[in-house]
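Numbering (our numbering), first residue to last: 211 to 403.
Yeah, the Cβ is synthetic: ideal placement off N, Cα and C, and Gly gets one too.
Here's the structure, in structure tokens; my notes come after.
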């Protein structure tokens, strides 16, 4: 297969290789990416930090990729980018392992610290609901967005601390820590702490 700039390519996550088809992939549990990781190359059309969405134009058409606000905050319309992404049952998310500089136009950093974004806080409570595919967690009736990879070990009923940043009109979880009777341990954090 010849490399064509701007086309979307993919690689099977477990065993063999296959071409990635936009929006396709084998269905698995909602905790992990489906069967492929892909690479999307193109030009940034628009981005929305509060929703965590970047739209890019590729020769195959428009692609909407979700990501943490810190991953896309350095981008501007017109930037040329190359992103690795994972397919979470039809929802495409930028890969966490690409971190800073993952795009040719820059891909920000993963941290949502107060030095990067305005309002920052923490809440403690029971997890009411989790939608790993969409990147949502609800604690004490408040909804937070985050990367699905950070929700892998989160289940309803757990008692957690959520450190978050308010970006636009959305709360983005930066760190989710399980609070136990004897110990606290980190379930997931954006900065990999």
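Count the other CB atoms within 10 Å of the CB of residue i; is the residue buried (16 or more) or exposed (fewer)?
{"i": "residue 286", "result": "exposed"}
{"i": "residue 295", "result": "buried"}
{"i": "residue 254", "result": "buried"}
{"i": "residue 236", "result": "For residue 236, the predicted structure reports a pLDDT of 26, less than 50, and the residue's modelled location is therefore unreliable. The matter cannot be settled from this model."}
{"i": "residue 347", "result": "buried"}
{"i": "residue 367", "result": "exposed"}
{"i": "residue 248", "result": "buried"}
{"i": "residue 336", "result": "exposed"}
{"i": "residue 384", "result": "buried"}
{"i": "residue 364", "result": "buried"}
Per the DSSP calculation, residue i is bridged to which residue(s)?
{"i": "residue 278", "result": "Per DSSP, none; premise fails for residue 278."}
{"i": "residue 339", "result": "348"}
{"i": "residue 331", "result": "374"}
{"i": "residue 381", "result": "376"}
{"i": "residue 353", "result": "348"}
Beta carbon of residue i, beta carbon of residue j: below 8 Å?
{"i": "residue 273", "j": "residue 288", "result": "no"}
{"i": "residue 389", "j": "residue 374", "result": "no"}
{"i": "residue 277", "j": "residue 291", "result": "no"}
{"i": "residue 382", "j": "residue 350", "result": "no"}
{"i": "residue 301", "j": "residue 344", "result": "yes"}
{"i": "residue 377", "j": "residue 260", "result": "yes"}
Ignoring anything shorter than 3 residues or poking outside the segment 252-309, list the beta strand (DSSP E) runs there in chain order.
For the segment 252-309, the full-length beta strand (DSSP E) segments reaching 3 residues or more read 263-268, 271-276, 290-298, 301-304 along the chain.
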